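Engineer: After the structure tokens below, expect a handful of questions from me.
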Amino acid sequence: LWDEVRQVAAALQARGVTKGTKVALLLPNCPAYVRYYFATLLCGGTIVNLNPLYTAHEIAAYVAQVDAAYIVTLNFKKLVDKVLPLCGQTSVKHVITASLADDLPPVTRIGFYLTKARELSYRRSNQLWRDADLRKGVA
């Protein structure tokens, strides 16, 4: 876990997260939350916790109030569709999507994709970065 946190921290720093940068975590309790929480702290950033059950209007209000530069969320269509429009309307520069499947054992991962594939977002955009690509240094 510590190695993954350091990889994410290095990727965030390379993409502009420094002391005082606000990173909004729109995540449930999952491994990605832990990774991005501690990675942001390692970069000197400030965590802004958002509830995934918030409406798009509530998210926009909170993000505007705190001037968050990045939002980290899961790659579910419903969540991505709530936050991606904020890139042009608020202080948000980029949305980072993490996958629950990346942290599952292989057999469970297959089952996840068989049952949840329709709910996942496969959108590509300049404002949208994938967690897996960040950790590999691709994004």
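In terms of the numbering used here, the sequence shown opens at residue 1 and continues consecutively.
For every residue, glycine included, the Cβ atom is placed at its ideal position computed from N, Cα and C.
Owing to the predicted nature of the structure, the values given are computational and were not obtained by experimental measurement.
Hey, Gly16 and Gly44 are a contact pair by Cβ (cut 8 Å); roughly how many whole angstroms apart?
Structural biologist: Translated into positions along the sequence shown, residue 16 becomes position 16. Translated into positions along the sequence shown, residue 44 becomes position 44. About 12 Å separates the two Cβ atoms, so there is no contact after all.
Engineer: Within 10 Å of its beta-carbon, does Thr108 have 16 or more other beta-carbons around it, so buried, or fewer, so exposed?
Structural biologist: By one-based count along the sequence shown, residue 108 stands at place 108. That one is exposed.
Engineer: For Lys77, count neighbouring C-beta atoms within 10 Å of its own C-beta (all shown protein chains included) and say buried if the count is 16 or more, exposed if not.
Structural biologist: Within the sequence shown, residue 77 is the residue found at index 77, counting from 1. It is exposed - the Cβ of Lys77 has fewer than 16 other Cβ atoms within 10 Å.
Engineer: On the three-pair Cβ rule with 8 Å, is the stretch 28 to 39 touching the stretch 96 to 116?
Structural biologist: Result yes; three or more Cβ-Cβ pairs closer than 8 Å.
Engineer: Find the nearest neighbour of Asn75 within the set Leu27, Thr18, Lys136 and Leu12, judged by alpha-carbon distance.
Structural biologist: The sequence position of residue 75 within the sequence shown is 75, counting from 1. Out of Leu27, Thr18, Lys136 and Leu12, Leu27 has the C-alpha closest to the C-alpha of Asn75.
Engineer: By a C-beta neighbour count over all protein chains shown, 10 Å radius and 16 as the cutoff for buried, is Arg118 buried or exposed?
Structural biologist: Start at 1 with the first residue of the sequence shown, and residue 118 comes out as number 118. Exposed, since its Cβ has fewer than 16 Cβ neighbours within 10 Å.
Engineer: Please confirm whether any heavy atom of the ligand GTP lies closer than 7 Å to the CB of Asp102.
Structural biologist: No copy of the ligand GTP occurs in the structure displayed, which carries no ligand at all.
Engineer: If you scan the stretch 50 to 92 from start to end, which runs of the alpha helix (DSSP H) of 4 or more residues do you find wholly inside it?
Structural biologist: DSSP runs (the alpha helix (DSSP H)) wholly in the stretch 50 to 92: 56 to 66, 77 to 83 and 86 to 89.
Engineer: Terminal residues of the continuous alpha helix (DSSP H) containing Ala10?
Structural biologist: For the purposes of this step, residue 10 is taken as the residue at position 10 of the sequence shown. Residues Trp2 to Ala14.
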